[in-house]
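Residue numbers (my numbering): 364 to 561.
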């Protein structure tokens, strides 16, 4: 863990609440990125990220320094985002439309030198991918995002989901299978990453 994080934690535990801002500023972009990818929209990503930092603040006295603060709050954020997605899936009235931000859809499409035809094709690909992702269960979506978008090892995904490693692998496998079927088009298939399970 970096000296800046350690110093900020010592200050917070010593009673300086404002020092927590240093930790938030250093880690918020990473935390928001993962919560956005799991929740699929900016509003929920913001809510999950804020909840993660609040939980981390409240549990800071329990923080063990054998791992970095960023890694610790990242795991908390994964759980917060997954819980929020599960809660939303139970709320019949919730129908938030995914937003395109620097953390989302446009990362998959190159913005440079795009003509109108390419922009149309990129927009259609984004739409198909978002629709396919909505067909996944919260566990499958989270497992897929953490494995193929966040490059997390299966052990960390299993810990975040609270399941055995084999169940996490199966969730990733099911998600990839569902996405491949959903993204199949007449002239071929949009390829998904074939990442080795580790």
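Each residue gets a CB set at the ideal place from its N, CA and C atoms; glycine is no exception.
Take residue i and list the residues in its own chain whose beta-carbon comes closer than 7 Å to its own, dropping the five residues that flank it on each side.
{"i": "residue 531", "result": "506, 517, 520, 521, 524"}
{"i": "residue 498", "result": "541, 545"}
{"i": "residue 527", "result": "521"}
{"i": "residue 447", "result": "402, 407, 410, 411"}
{"i": "residue 376", "result": "423, 424"}
{"i": "residue 374", "result": "382"}
Does DSSP put residue i in a helix, a strand or coil?
{"i": "residue 385", "result": "helix"}
{"i": "residue 427", "result": "coil"}
{"i": "residue 404", "result": "coil"}
{"i": "residue 499", "result": "coil"}
{"i": "residue 540", "result": "helix"}
{"i": "residue 513", "result": "coil"}
{"i": "residue 518", "result": "helix"}
{"i": "residue 526", "result": "coil"}
{"i": "residue 433", "result": "helix"}
{"i": "residue 368", "result": "helix"}
{"i": "residue 532", "result": "helix"}
Below 8 Å on the Cβ atoms is my guess for residue i versus residue j; work out the distance and round it to an integer in Å.
{"i": "residue 501", "j": "residue 449", "result": "5 Å"}
{"i": "residue 389", "j": "residue 368", "result": "7 Å"}
{"i": "residue 492", "j": "residue 538", "result": "In fact, because the Cβ distance is near 13 Å, the residues do not count as touching under 8 Å."}
{"i": "residue 371", "j": "residue 383", "result": "7 Å"}
{"i": "residue 416", "j": "residue 441", "result": "No, residue 416 and residue 441 are not in contact; Cβ-Cβ is about 13 Å, not under 8 Å."}
Go through its chain and collect everything with a Cβ distance to residue i's Cβ below 8 Å, but skip five positions before and after it.
{"i": "residue 395", "result": "408, 409, 412, 466"}
{"i": "residue 304", "result": "Because the chain in this structure spans residues 364 to 561, residue 304 falls outside the shown range and cannot be described."}
{"i": "residue 464", "result": "Low confidence applies here, because residue 464 scores a pLDDT of 47, under 50, leaving its location unreliable; read the following figure in that light. Contacts found: 399, 405."}
{"i": "residue 455", "result": "In this prediction, residue 455 scores a pLDDT of 45, lower than 50, which makes its location untrustworthy; no coordinate-derived value is stated."}
{"i": "residue 397", "result": "437, 440, 441, 444, 508, 509, 513"}
Is there a Cβ of chain C sitting closer than 8 Å to that of residue i, yes or no?
{"i": "residue 432", "result": "This model lacks chain C altogether; it includes just one protein chain."}
Leaving out five residues before and five after residue i in sequence, what residues of the same chain have Cβ atoms less than 6 Å from its Cβ?
{"i": "residue 509", "result": "515, 520"}
{"i": "residue 414", "result": "443"}
{"i": "residue 385", "result": "371"}
{"i": "residue 433", "result": "390"}
{"i": "residue 534", "result": "502, 503, 506"}
May I ask you to verify whether the region 514 to 527 touches the region 432 to 447, counting CB pairs closer than 8 Å and requiring at least 3? As far as the Cβ criterion goes, the region 514 to 527 touches the region 432 to 447, which means the pair count is three or higher.
Does the structure place the region 418 to 434 close enough to the region 402 to 410 that three or more beta carbon pairs sit under 8 Å? Fewer than three Cβ pairs drawn from the region 402 to 410 and the region 418 to 434 lie within less than 8 Å of each other, which leaves the two stretches out of contact.
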